[in-house]
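Taken in sequence, the protein lines are chains A and B.
To convert a position in the first sequence, counted from 1, into the numbering used here, add 1.
To convert a position in the second sequence, counted from 1, into the numbering used here, add 6.
No residue lacks a Cβ here, since even glycine has one placed at the ideal position from N, Cα and C.
Beneath this line is the structure, given in structure tokens, with notes to follow.
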Amino acid sequence: MSETAFTTHQTIGPFFHDGLRWAFVADAKDATITLTGRVLDGSGTPVSDAMLEAWRPGAALSDVGLLRVATDKDGRYSMRLPAARSGEPLAHICVFARGLLNHYFTAVFDEAGIDGDLWAQIPEARRATLLATPINGEHLQWDVKLQGDNETVFFDYR
Amino acid sequence: MKFTSPRPGQLPNNVHPPYKSTLARGPHQPRVEVLSRAAADQSLRLTRSIALRDADLTSQGQSAPLGQAITVSGRVVDEDGRPIRDSLIEVWQCNAAGRYAHVKDDHDAPLDADFPGFGKMLTDSDGRYHFKTIKPGAYPWGNHHNAWRPAHIHFSLFGNVYAQRLITQMYFPDDPLFPFDPIFNSIADKAARARLVSRFSLDETVSGVSLGYVFDIVLRGRSATPTGI
Numbered sequence: 002m003s004e005t006a007f008t009t010h011q012t013i014g015p016f017f018h019d020g021l022r023w024a025f026v027a028d029a030k031d032a033t034i035t036l037t038g039r040v041l042d043g044s045g046t047p048v049s050d051a052m053l054e055a056w057r058p059g060a061a062l063s064d065v066g067l068l069r070v071a072t073d074k075d076g077r078y079s080m081r082l083p084a085a086r087s088g089e090p091l092a093h094i095c096v097f098a099r100g101l102l103n104h105y106f107t108a109v110f111d112e113a114g115i116d117g118d119l120w121a122q123i124p125e126a127r128r129a130t131l132l133a134t135p136i137n138g139e140h141l142q143w144d145v146k147l148q149g150d151n152e153t154v155f156f157d158y159r
Numbered sequence: 007m008k009f010t011s012p013r014p015g016q017l018p019n020n021v022h023p024p025y026k027s028t029l030a031r032g033p034h035q036p037r038v039e040v041l042s043r044a045a046a047d048q049s050l051r052l053t054r055s056i057a058l059r060d061a062d063l064t065s066q067g068q069s070a071p072l073g074q075a076i077t078v079s080g081r082v083v084d085e086d087g088r089p090i091r092d093s094l095i096e097v098w099q100c101n102a103a104g105r106y107a108h109v110k111d112d113h114d115a116p117l118d119a120d121f122p123g124f125g126k127m128l129t130d131s132d133g134r135y136h137f138k139t140i141k142p143g144a145y146p147w148g149n150h151h152n153a154w155r156p157a158h159i160h161f162s163l164f165g166n167v168y169a170q171r172l173i174t175q176m177y178f179p180d181d182p183l184f185p186f187d188p189i190f191n192s193i194a195d196k197a198a199r200a201r202l203v204s205r206f207s208l209d210e211t212v213s214g215v216s217l218g219y220v221f222d223i224v225l226r227g228r229s230a231t232p233t234g235i
């Protein structure tokens, strides 16, 4: 097989909503956990035109296979997820927005997921950026900080 | 599958100052390389059906949209050249006048009620896809004085494993706006940039109906097993 150079990235831009709306799903089947938060830029300004996708290996979270939510005017998102399996993230997340020339893979964890294989690969000093904070009961909060202090860890899968 | 690190310049820089919105949004830290067997080997499971009509962006209104009818087709493969089969592609674009049917697009160009400007389809067993649309117009944006985006179609691909997810834009050959577009030029590698430009194909042109453009796509990822064994 010949090796071929891959097709590179470009921004999702500001006008994706209508084209991608058919797959907007915020509530997973069998969800027990509510995850809310904001997407923030380097100055702490909410990103009102971002999109997050959430995926769980082996779980059909919806009939499009994932959750997909857009942020609102205050940069807020909300989704409902099943409880994490021990040692695994609550969800693998992909972040998209105008002004992001690439899409960024990351993951969100709760207490059940830490000490797993993926968690162990995150530099210790930055792990807290991937840990959702309990608000009450099964409501967790997790902000995505695109840049600057406490910048969310983004992945390159290998 | 396995994923090797991109060479410098193959991906856009996170912060590309000529594209002003990247200044506050682009991450400063390099990506952290992680191995996730699940992300490298498993795909999302799409169970919602895709209608044939979704691949014809010219048939979503009461009558045909204004503009130059075109088809866009191509083959989606991985870095080994293996076809990406039965995989979801989403596309969206502005109309022939350069206006998106989006509530926040304030460009003073006419909307076309017959052109919502989005579609979706699955690749076939050989990785091929095909859709019908109209050629999008160029449009101005506020990034700098006299900034115009070259005509483009947005692509969203899922690949056959999660880590292959791709968001990109397809351009048209010989666009005079290429040298001035900071989004296109955020990719330092000239050859990588050139791979985002479709090619005109007389073979794909339908006589009396539509011009044909071909856009082949290579998703990241190689077989985890050495080839030839």
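Contact test: residue i Cβ vs the ligand NAP heavy atom, cutoff 8 Å
i	result
LEU141/A	With respect to the ligand NAP, the structure shown offers nothing to examine, as it has no ligands at all.
Inter-residue CB distance, residue i and residue j (contact presumed, cutoff 8 Å)
i	j	result
GLY143/A	ALA133/A	Inspection of the sequence shows that residue 143/A is occupied by Trp rather than by Gly. Rounded, the Cβ-Cβ distance is 4 Å, consistent with contact.
ILE76/B	TYR219/B	6 Å
ILE223/B	THR8/A	5 Å
SER192/B	LEU102/A	5 Å
GLY32/B	ALA194/B	At roughly 14 Å, the Cβ-Cβ gap does not stay under 8 Å, so GLY32/B and ALA194/B are not in contact.
ILE56/B	ALA102/B	Contact doesn't hold; Cβ gap of about 25 Å is too wide.
PHE97/A	HIS108/B	15 Å between Cβ atoms; not a contact.
LEU41/B	ARG159/A	6 Å
PHE206/B	PRO179/B	6 Å
Residue environment, residue i, which counts as buried when at least 16 other CB atoms sit within 10 Å
i	result
PRO188/B	buried
ILE235/B	The predicted position of ILE235/B is uncertain, since its pLDDT is 49 and thus under 50; no value can be drawn from it.
ALA230/B	exposed
ARG68/B	A small fix is needed here, since residue 68/B is Gln in this sequence, not Arg. Exposed, by the Cβ-count rule.
VAL212/B	exposed
ALA44/B	buried
LEU72/B	exposed
PRO23/B	exposed
GLY66/A	buried
GLU54/A	buried
GLN148/A	buried
ASN137/A	exposed
VAL215/B	exposed
ASP111/A	buried
ASP42/A	buried
SER44/A	exposed
LYS110/B	exposed
ASN152/B	exposed
ASN151/A	exposed
LEU58/B	exposed
THR53/B	exposed
LEU208/B	exposed
ASN20/B	buried
ARG22/A	exposed
ASP118/B	buried
CA-to-CA distance, residue j to residue i, given in whole angstroms
i	j	result
ASN149/B	ARG13/B	28 Å
GLU139/A	HIS158/B	43 Å
PHE156/A	PRO36/B	9 Å
PHE106/A	CYS100/B	27 Å
PHE190/B	PHE184/B	7 Å
ARG226/B	VAL109/A	23 Å
GLY87/B	ALA6/A	10 Å
GLU210/B	LYS196/B	27 Å
GLN11/A	PRO135/A	35 Å
THR33/A	ALA61/A	15 Å
ARG91/B	PHE164/B	11 Å
ASP130/B	PHE221/B	15 Å
ARG39/A	PRO116/B	34 Å
GLU125/A	MET127/B	41 Å
ALA29/A	VAL70/A	12 Å
VAL26/A	SER79/A	10 Å
ALA61/B	VAL97/B	9 Å
GLY14/A	GLY100/A	7 Å
GLN175/B	PRO122/B	18 Å
GLY104/B	LEU141/A	42 Å
Which residues DSSP lists as bridging residue i, in chain order
i	result
MET127/B	ILE95/B
LEU131/A	The partner list for LEU131/A (beta bridge, DSSP) is empty, contrary to what the question assumes.
LYS8/B	ARG228/B
ASP84/B	LEU225/B
GLY38/A	TYR78/A
LYS146/A	LEU41/A
THR174/B	PHE161/B
ARG155/B	TYR145/B
GLY218/B	THR77/B and SER207/B
PHE110/A	LEU132/A
THR139/B	ILE76/B
ALA71/A	MET52/A
Interface flag, residue i vs chain D, CB-CB below 9 Å
i	result
PRO33/B	Included in the structure are the protein chains A and B, with no chain D among them.
Legend entry - Touching by the beta-carbon criterion (3+ pairs, under 8 Å), the region 73-83 of chain B and the region 118-137 of chain B: Output reads yes: the region 118-137 of chain B touches the region 73-83 of chain B.
Legend entry - Stretch-stretch touch, CB-based, cutoff 8 Å, three pairs: the region 106-122 of chain A with the region 78-95 of chain A: Yes, since at least three Cβ pairs between the region 106-122 of chain A and the region 78-95 of chain A fall closer than 8 Å, the two stretches touch.
Legend entry - Segment contact, 8 Å Cβ cut-off, at least three pairs: the region 162-169 of chain B with the region 38-55 of chain B: Yes, they touch.
Inset, instruction - Count the C-beta pairs between the region 39-53 of chain A and the region 62-77 of chain A that are closer than 8 Å, then say yes if the count reaches three, no if not. - result: Flag = yes, the region 39-53 of chain A and the region 62-77 of chain A touch.
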